[in-house]
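The next block holds one structure in the form of structure tokens; read it before the comments.
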Amino acid sequence: MKKLTLSLAAIFAMGTFAVAGGDIAPVEPVVEAPVIESTGTFYLGLGYGYLDQTMDNINNANIDLEAETDNILLQAGYQFNEYIAVEGRYWIGVGDATWSASQNYLGIKGDLSGDYSSWGIYVKPMYPVTDAFNVYALLGYASTTLDTDANNGYYWDTDEFSWGLGAEFGVTDNIFIFADYVNLGSPDSVTWDPTGADVDVDGDIYTINVGVTYKF
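Numbering (the working numbering), first residue to last: 5 to 220.
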């Protein structure tokens, strides 16, 4: 009786497949598209630094000028990945810049006070030494202005190739501490205003900075 029941069930099943056409359509596997994470991020930073500017052999007259000041650094950039970023910086002097001239030149002699500001835009190659520690370079363009209260506000203005080297350490995933050296230019001439004349110099302008960056 059991054998008869099983045989009838088998015949019924075969008949069902025949009515349905007898084919079983294969089920295709569902392929999920991979999720590509964006590695780009904006960042902002705030720093404090020291600037030194030397202008030697002014107008080939063996006259030397040096200016020093502390500065506040504002930083903004976009990091495309762990190896490259673009960055803009703005420096503004804290208090008066101290000028020191070796000889009298157009009213500048001895110790004077003045103001300082600079801005630059950079390509920023980076190398991750560890997950939390990066080294980087800065390659770009900078403009620097230093003025004095002598002779109705004469001031230097120079636009130069700029470069720098630095390192940053991640305290958290978003907060980084950085320190760097930035050369704002080594001009062989500067614009001397309000006369508008170009003055020959052997110049060097640099700043040393420490600060904090927040990456969004």
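Note that beta-carbon positions come from the ideal geometry of N, C-alpha and C, so glycine has one too. The structure displayed is predicted, hence computed values, not measured ones.
So that I know if they touch, is there some Cβ in chain D lying closer than 8 Å to that of S122?
The chain inventory of the structure shown lacks chain D, comprising one protein chain alone.
Could you pull the start and end residues of the beta strand (DSSP E) that G44 belongs to?
What you label residue 44 is simply residue 40 of the sequence shown in a count that begins at 1. Neither: G44 is in no beta strand (DSSP E) and is coded neither H nor E.
Roughly how many angstroms lie between the CA atoms of G124 and V90, to the nearest whole one?
Translated into the one-based positions of the sequence shown, residue 124 becomes position 120. Translated into the one-based positions of the sequence shown, residue 90 becomes position 86. Near 11 Å, if we compare the C-alpha coordinates of V90 and G124.
Specify the secondary structure class of Y218 as computed by DSSP and reduced to three states.
Here the question's residue 218 lines up with position 214 in the sequence shown. Residue state, collapsed to three classes: strand.
Quick one: what's got a C-beta closer than 8 Å to F137's C-beta in the same chain, skipping five residues either side?
Locating residue 137 in the sequence shown gives position 133, where the first residue counts as 1. Counting only Cβ-Cβ distances below 8 Å, and skipping sequence neighbours, we find A171, E172, F173, G174.
Per-residue DSSP class, three states only, for N75:
In the sequence shown, counting from the first residue as 1, residue 75 sits at position 71. When DSSP states are grouped into helix, strand and coil, N75 belongs to the strand group.
Nearest-angstrom Cα separation, counted from D56 out to K70:
Here residue 70 is taken as the residue at index 66 of the sequence shown, counted from 1. Here residue 56 is taken as the residue at index 52 of the sequence shown, counted from 1. The question names Lys, yet the displayed sequence has Glu at residue 70. Each residue's Cα considered, the two are about 7 Å apart.
With DSSP as the reference, label V139 as helix, strand or coil.
Along the sequence shown, one-based indexing puts residue 139 at 135. It is a strand residue.
Nearest-angstrom Cα distance between I40 and F84?
Start at 1 with the first residue of the sequence shown, and residue 40 comes out as number 36. Start at 1 with the first residue of the sequence shown, and residue 84 comes out as number 80. Caution applies to I40, whose pLDDT of 46 falls short of 50 and renders its modelled position unreliable; the model cannot decide the point.
By Cβ distance below 8 Å, which residues in the same chain neighbour V216 in space, the five residues on each side in sequence not counted?
Here residue 216 refers to the residue found at position 212 of the sequence shown. In chain order, G49, L50, G51, I179, F180, I181, F182 place their CB closer than 8 Å to the CB of V216, counting only its own chain and leaving out the 5 sequence neighbours on each side.
How close, in whole Å, do the beta carbons of A141 and E164 come, if the pair is a contact with beta carbons under 8 Å?
Translated into the one-based positions of the sequence shown, residue 141 becomes position 137. Translated into the one-based positions of the sequence shown, residue 164 becomes position 160. Not a contact, Cβ separation roughly 17 Å.
Mind checking who Y87 pairs with in its DSSP beta bridge?
To locate residue 87, count along the sequence shown from 1; it is residue 83. BP columns for Y87 are empty, so no partner.
For a test of the three-state rule: what should DSSP assign to S190, helix, strand or coil?
Counting from one through the sequence shown, the residue named residue 190 turns up at place 186. DSSP places S190 outside both helix and strand once states are collapsed to three, so it counts as coil.
For T176, which three-state DSSP category applies?
On the sequence shown, residue 176 is found 172 positions in, with the first residue counted as 1. Three-state result, T176: coil.
Do you know whose CA, among Y82, L143, S190, lies nearest D184's CA?
By 1-based counting over the sequence shown, the position of residue 184 is 180. D184 has its Cα closest to that of L143, out of Y82, L143, S190.
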